[in-house]
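Chemist: Take a look at the following structure, please.
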Ligand SMILES: Cc1cc2nc3c(=O)[nH]c(=O)nc-3n(C[C@H](O)[C@H](O)[C@H](O)COP(=O)(O)OP(=O)(O)OC[C@H]3O[C@@H](n4cnc5c(N)ncnc54)[C@H](O)[C@@H]3O)c2cc1C
């Protein structure tokens with residue numbers, strides 16, 4: 037019997053698994069997809085928010101500020117890319133100027149440091165490409181960017197290296213309470229037994245709650261569409277540039293990514309289907325229009341892909357974190373700033389479990405460290421030569437756009453949590469994330485996955501299920 041079961045392998049489940057493993061719990065993560073980081077965690081703005089946006093006194097404000105303070109050291113331990121680039125919320129009118137002053141006051145109440153109001157001249161010194169109509173801004177020096185799926189993969193990998201278990205393709209379909217804890221059943225007939233359960237199922241966390249009879253909240257999906265531009269377009273700004281929130285909503289952002297691309301988006305549209313991650317011509321047109329107002333000289337011809345993510349919007353207006361039944365904890369409806377808050381939410385869930393009587397104490401032998409996953413491209417020639425000397429597979433560059441070698445792909449395939457499909461390898465190594473979007477490297481990667489898993493190439497999928505890369509042979 038496990039000490040506990042964490043439902044959902046996103047960044048919240050991942051950080052909780054790592055935290056509880058560090059405190060001696062034997063936990064398993066039950067994830068319905070073919071890999072971890074397959075929900076909101078793989079498609080978001082990747083911003084570590086400073087914490088001025090959430091209303092004072094909310095869980096969002098509390099965990100955002102604490103999470104943002106923790107994030108740099110968490111990323112350093114896990115070998116995850118993180119950059120404190122600062123953020124600018126830009127305004128276009130006197131009304132916006134007043135809103136920015138309110139945001140600053142709110143941020144200060146939340147405990148956010150390094151908040152400064154700027155006028156156009158001051159903004160131009162920081163960002164020469166700021167839009168012509170921008171007149172004022174709020175700068176947050178503690179705003180940062182991170183790679184969200186890398187953080188999730190690394191947190192789960194680190195938890196597994198320290199003893200946690202991961203069950204993929206485990207779609208939780210029913211939960212039973214017993215005198216010792218809970219039986220968590222999967223749709224395919226498997227069952228996990230655990231003393232406690234943590235519900236981190238993102239947009240489905242209301243359905244998990246309903247499995248124990250808790251219908252006190254609902255979670256609706258709010259879709260956000262993005263455009264991602266090539267690194268060649270990435271250098272035109274250094275800050276994350278948000279739009280001043282208005283009656284029309286929060287607006288979109290223009291941000292560099294930790295890998296040097298330029299990210300534009302997201303839109304915000306409440307939808308019904310919890311699986312609908314389509315992008316639309318209208319959504320992307322909106323992104324383009326607003327981005328161009330906030331930042332000029334964006335080279336839209338350098339677009340390499342578009343994607344959408346689903347925010348988990350809970351009916352309470354705040355994160356839903358608390359004890360739902362004995363030793364059953366919700367970490368539900370974690371919309372933005374959930375990524376920023378993840379390490380702080382994990383700490384809080386550990387505290388809740390201790391109050392529930394779960395014996396947790398810091399392990400002396402827990403190793404919080406993990407080697408970076410995508411490091412070869414950033415090495416000096418001497419460092420690359422030294423790596424190749426030890427393992428010649430690093431001399432064989434498979435993804436030319438992102439300089440990813442066969443050595444890195446094989447290492448990713450052998451490291452916790454092991455990927456089983458092409459997108460899983462992509463999230464760990466960046467192979468296929470460059471301007472050709474996998475046009476050249478995908479056949480080689482498919483071949484490497486097949487060899488490593490000992491399956492035929494026709495068995496290899498893009499993201500599990502029936503998403504096969506090859507449907508058969510033209511010649512054998
Ligand atoms: C458009 C957008 C922009 C955002 N921007 C930011 C930002 O810039 N900064 C920030 O801090 N936050 C941001 N967020 C929020 C952040 O992405 C989320 O708060 C965070 O990723 C939530 O993580 P999670 O683990 O709760 O959910 P998810 O990542 O969705 O993980 C939930 C997991 O549960 C699994 N699951 C569901 N049902 C079951 C089941 N029955 N059995 C087993 N597994 C199941 C899913 O497959 C999924 O992997 C944004 C979100 C979106 C969508």
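Numbering (this note's numbering), first residue to last: 37 to 512. A virtual CB, placed ideally from N, CA and C, is assigned to each residue, including glycine.
Go through the region 280-332 residue by residue and report every complete run of the alpha helix (DSSP H) that reaches 4 residues or more, in order.
Modeler: You should have 317-330.
Chemist: Closest by CA to residue 73, which one among 462, 481 and 492?
Modeler: Indexing the chain shown from 1 puts residue 73 at position 37. If we check each option's Cα against that of residue 73, 462 comes out closest.
Chemist: Less than 6 Å separating the Cβ of residue 77 from some heavy atom of ligand 1?
Modeler: Taking the chain shown and counting its residues from 1, one reaches residue 77 at position 41. Because some heavy atom of ligand 1 lies under 6 Å away, the Cβ of residue 77 counts as near it: yes.
Chemist: Would you call the CB atoms of residue 358 and residue 71 closer than 7 Å?
Modeler: Here residue 358 corresponds to residue number 322 of the chain shown, with the count starting at 1. Here residue 71 corresponds to residue number 35 of the chain shown, with the count starting at 1. In this structure, residue 71 does not lie closer than 7 Å to residue 358 by Cβ.
Chemist: With a 10 Å radius around its C-beta and 16 neighbouring C-beta atoms as the bar for buried, classify residue 414 as buried or exposed.
Modeler: Position 378 of the chain shown holds residue 414. With fewer than 16 Cβ atoms within 10 Å of its Cβ, residue 414 is classed as exposed.
Chemist: With H, G and I counted as helix, E and B as strand and the rest as coil, what does DSSP make of residue 118?
Modeler: The residue given as residue 118 occupies position 82 in the chain shown. Strand.
Chemist: Would the beta-carbon of residue 49 be found less than 6 Å away from any heavy atom of ligand 1?
Modeler: Mapped onto the chain shown, residue 49 falls at position 13. Yes, Cβ of residue 49 sits closer than 6 Å to a heavy atom of ligand 1.
Chemist: If you drop the 5 nearest sequence neighbours on each side, which residues of the same chain put their C-beta closer than 6 Å to that of residue 361?
Modeler: Along the chain shown, read from residue 1 onward, the residue named residue 361 stands at position 325. So the qualifying residues of the chain are 248.
Chemist: For residue 518 and residue 238, I'd like the C-alpha separation in whole angstroms.
Modeler: The question about residue 518 has no answer here: the residues shown for the chain are numbered 37 through 512.
Chemist: Can you tell me whether residue 100 is buried or exposed? The criterion is at least 16 other CB atoms within 10 Å of its CB, across all chains shown.
Modeler: Taking the first residue of the chain shown as position 1, residue 100 is located at position 64. Burial call: buried.
Chemist: In this structure, what does DSSP give as the bridge partners for residue 515?
Modeler: Only positions 37 to 512 of the chain appear in the structure, and residue 515 is not among them; the question remains open.
Chemist: If you follow the beta strand (DSSP E) that residue 59 is in, where does it begin and where does it stop?
Modeler: Locating residue 59 in the chain shown gives position 23, counting from the first residue. No beta strand (DSSP E) holds residue 59; DSSP gives it neither H nor E.
Chemist: Can you tell me which residues form a DSSP beta bridge with residue 257?
Modeler: Here residue 257 refers to the residue found at position 221 when the chain shown is read from its first residue. According to DSSP, which records beta bridges pairwise, residue 257 is partnered with 348.
Chemist: Could you tell me which of 88, 216, 124 and 59 sits nearest to residue 292, measuring between CA atoms?
Modeler: Residue mapping note: residue 292 aligns to position 256 of the chain shown, counting from 1. Measuring from the Cα of residue 292, the nearest candidate turns out to be 124.
Chemist: For the putative contact between residue 144 and residue 151, defined by C-beta atoms under 8 Å, what is the C-beta separation to the nearest angstrom?
Modeler: In the chain shown, the residue the question calls residue 144 occupies position 108. In the chain shown, the residue the question calls residue 151 occupies position 115. So it is a contact: roughly 6 Å between Cβ atoms.
Chemist: Using only CA atoms, which one of 334, 332 and 343 lies nearest to residue 320?
Modeler: Mapped onto the chain shown, residue 320 falls at position 284. Considering only alpha carbons, the answer is 343.
Chemist: Would you verify that the beta carbon of residue 67 is, or is not, closer than 7 Å to some beta carbon of chain D?
Modeler: The chain labelled as chain D is not found in the depicted structure, where only one protein chain is given.
Chemist: Ends of the alpha helix (DSSP H) at residue 385?
Modeler: Your numbering for residue 385 matches position 349 in the chain shown. Residues 374-391.
Chemist: If you measure from the CB of residue 249, is any heavy atom of ligand 1 nearer than 6 Å?
Modeler: If you number the chain shown from 1, residue 249 lands on position 213. No, Cβ of residue 249 sits at least 6 Å from all heavy atoms of ligand 1.
Chemist: Using DSSP with H/G/I as helix, E/B as strand and the rest coil, what is residue 478?
Modeler: Here the question's residue 478 lines up with position 442 in the chain shown. Residue state, collapsed to three classes: helix.
Chemist: Considering Cα atoms alone, identify which of 482, 510 and 487 is closest to residue 504.
Modeler: Within the chain shown, the letter at position 468 stands for residue 504. Considering only alpha carbons, the answer is 482.
Chemist: By DSSP, does residue 435 sit in helix, in strand, or in coil?
Modeler: In the chain shown, the residue the question calls residue 435 occupies position 399. Here residue 435 sits in strand by DSSP.
Chemist: Leaving aside the five residues before and after residue 341 along the sequence, list all residues of the same chain whose C-beta is less than 7 Å from its C-beta, in chain order.
Modeler: On the chain shown, residue 341 is found 305 positions in, with the first residue counted as 1. Counting only Cβ-Cβ distances below 7 Å, and skipping sequence neighbours, we find 264 and 473.
Chemist: Between which two residues does the beta strand (DSSP E) harbouring residue 4 extend?
Modeler: The requested residue 4 does not occur in the structure, where the chain is confined to residues 37 to 512.
Chemist: Comparing the CB of residue 398 with every heavy atom of ligand 1, is any distance shorter than 6 Å?
Modeler: In the chain shown, residue 398 corresponds to position 362, counting from 1. No, since every heavy atom of ligand 1 falls outside the 6 Å radius drawn around the Cβ of residue 398.
Chemist: Nearest-angstrom Cα distance between residue 179 and residue 447?
Modeler: For the purposes of this step, residue 179 is taken as the residue at position 143 of the chain shown. For the purposes of this step, residue 447 is taken as the residue at position 411 of the chain shown. Rounded to the nearest angstrom, the two C-alpha atoms are 32 Å apart.
Chemist: With a CB to CB cut of under 7 Å and the five nearest residues on each side skipped, what residues in its chain are close to residue 188?
Modeler: Within the chain shown, residue 188 is the residue found at index 152, counting from 1. Taken in chain order, the residues that qualify are 46, 47, 50, 72, 73 and 77.
Chemist: Quick check: the region 104-123 against the region 212-229, are there 3 or more CB pairs under 8 Å?
Modeler: Contact fails: fewer than three Cβ-Cβ distances are below 8 Å.
Chemist: Compute the minimum distance between the beta carbon of residue 384 and the heavy atoms of ligand 2, and state whether it is under 6 Å.
Modeler: In terms of ligand content, the structure shown lacks ligand 2 and carries ligand 1 instead.
Chemist: Would the beta-carbon of residue 148 be found less than 6 Å away from any heavy atom of ligand 1?
Modeler: As a first step, residue 148 must be located in the chain shown, where it is residue number 112. No, the beta carbon of residue 148 sits no closer than 6 Å to any heavy atom of ligand 1.
Chemist: Going by Cα to Cα distance, which pick from 381, 131 and 331 is closest to residue 365?
Modeler: Within the chain shown, the letter at position 329 stands for residue 365. It is 381.
Chemist: Tell me the rounded alpha-carbon separation between residue 475 and residue 434.
Modeler: The residue given as residue 475 occupies position 439 in the chain shown. The residue given as residue 434 occupies position 398 in the chain shown. Those two C-alpha atoms are separated by around 11 Å.
Chemist: Would you kindly check if the distance between the Cβ of residue 465 and the Cβ of residue 410 is under 7 Å?
Modeler: On the chain shown, residue 410 is found 374 positions in, with the first residue counted as 1. On the chain shown, residue 465 is found 429 positions in, with the first residue counted as 1. Contact: yes.
Chemist: Rounded to whole angstroms, what's the CA-CA distance from residue 299 to residue 262? Just pull it up for me.
Modeler: For the purposes of this step, residue 299 is taken as the residue at position 263 of the chain shown. For the purposes of this step, residue 262 is taken as the residue at position 226 of the chain shown. Rounded to whole angstroms, residue 299 to residue 262 spans 7 Å at the Cα level.
Chemist: By DSSP's criteria, residue 497 is part of a beta bridge. Which residues make up the other side?
Modeler: Indexing the chain shown from 1 puts residue 497 at position 461. For residue 497, which the question treats as bridged, DSSP gives the partners 504.
Chemist: Rounded to whole angstroms, what's the CA-CA distance from residue 545 to residue 276? Just pull it up for me.
Modeler: Only positions 37 to 512 of the chain appear in this structure, which leaves residue 545 out of reach.
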